[in-house]
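J.: Structure in structure tokens, see below.
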Amino acid sequence: MTVSIRDVPQERLIEEAAKKLQAMEEMKPPAWSSFVKTGVSRERPPLQKDWWWTRAASILRKFYSGKDMGVSNLRKVYSGRKRRGHKPEHRYKASGAIIRKILQQLESAGFLKTMKGKGRLITPKGKAFLREAAGAAGKGE
545 MTVSIRDVPQ ERLIEEAAKK LQAMEEMKPP AWSSFVKTGV SRERPPLQKD WWWTRAASIL
605 RKFYSGKDMG VSNLRKVYSG RKRRGHKPEH RYKASGAIIR KILQQLESAG FLKTMKGKGR
665 LITPKGKAFL REAAGAAGKG E
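Set out below in structure tokens:
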């Protein structure tokens with residue numbers, strides 16, 4: 545019996561996909577990734593050592609849903625609230641450079657492709673990768 549991506553808890557799917565992405569040569573984080581914040585709303589860089597691959601797996605899962613996604617939409621998805629002292633909180637978008645670099649890496653790995661006029665779409669190789677990760681995550685239950 546095959547396990548569907550929607551049958552597996554999303555946290556477990558993203559963890560498993562991140563482990564598989566970590567082993568890939570195309571998905572190496574840039575040198576600046578250990579110093580950079582993920583958005584204006586954050587005070588410090590992420591504490592997890594594997595945050596780059598976790599974000600990449602999460603972005604790939606977003607494309608599986610079939611919605612048109614671009615850097616701007618993904619910046620909104622990963623946005624956060626910033627505390628501004630006694631002033632009201634505001635919502636700030638996530639870093640576009642991180643998302644853009646991850647999208648480029650996913651394209652070079654063959655999981656996404658750019659279509660003229662449609663933006664980026666997930667490829668059959670990307671869908672198969674997520675199905676494989678879902679199968680591995682489903683066995684761990």
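Per this note's numbering, the sequence shown starts with residue 545, numbered consecutively. Glycine is no exception: its CB is placed at the ideal position from the N, C-alpha and C atoms.
1. Just to confirm my understanding: we take I603, look at its own chain, exclude 5 residues before and 5 after, and list those with CB closer than 6 angstroms. What are they?
2. Under the DSSP definition of a beta bridge, which residues are partnered with T658?
3. Note down the Cα distance separating I643 from W597, rounded to an integer number of angstroms.
4. Return the CA-CA distance between K660 and Q648, expressed in angstroms with no decimal places.
5. Would you grab the beta carbon distance between Y636 and S585 for me? Rounded to a whole angstrom, and I think it's under 8 angstroms.
T.: In terms of the structure at hand:
1. Excluding positions up to five away in sequence, the list reads I646.
2. R664
3. 12 angstroms
4. Looking at the two C-alpha atoms, the distance is approximately 16 angstroms.
5. 4 angstroms
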